[in-house]
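Trainee: Residue numbers (UniProt numbering): 1 to 75.
Encoded structure:
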């Protein structure tokens with residue numbers, strides 16, 4: 001997944017640890033970090049589940065200075 005900071009200040013982010021059974025099947029590397037203004041960063045996402053089927057899972061990232069989490073939906 002490509003993270004892009006389009007703002008004028010650094011973006012400090014951190015994954016909010018998932019609590020759902022499906023959410024725990026995801027891993028992120030790095031799961032937290034800082035992105036300079038105008039810069040991009042690649043985040044590796046891995047998913048490992050023993051269940052088949054259609055799913056939709058929202059994962060939340062906190063961003064310093066943003067009162068609401070950034071939500072990423074995986075389907």
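No residue lacks a Cβ here, since even glycine has one placed at the ideal position from N, Cα and C.
Would you kindly work out how many angstroms separate the C-alpha atoms of residue 70 and residue 56, rounded to a whole number?
Mentor: The count along the chain shown starts at 1 and reaches residue 70 at position 70. The count along the chain shown starts at 1 and reaches residue 56 at position 56. Using only the alpha carbons, I get a separation of about 16 Å.
Trainee: What is the DSSP secondary structure of residue 22, reduced to helix, strand or coil?
Mentor: Translated into the one-based positions of the chain shown, residue 22 becomes position 22. Coil, per DSSP.
Trainee: Relative to the C-alpha of residue 5, which residue among 63, 52, 66 and 40 is closest?
Mentor: In the chain shown, counting from the first residue as 1, residue 5 sits at position 5. The shortest Cα separation from residue 5 among 63, 52, 66 and 40 belongs to 40.
Trainee: Consult DSSP for residue 43 and reduce its assignment to one of helix, strand or coil.
Mentor: The count along the chain shown starts at 1 and reaches residue 43 at position 43. It is coil, neither helix nor strand.
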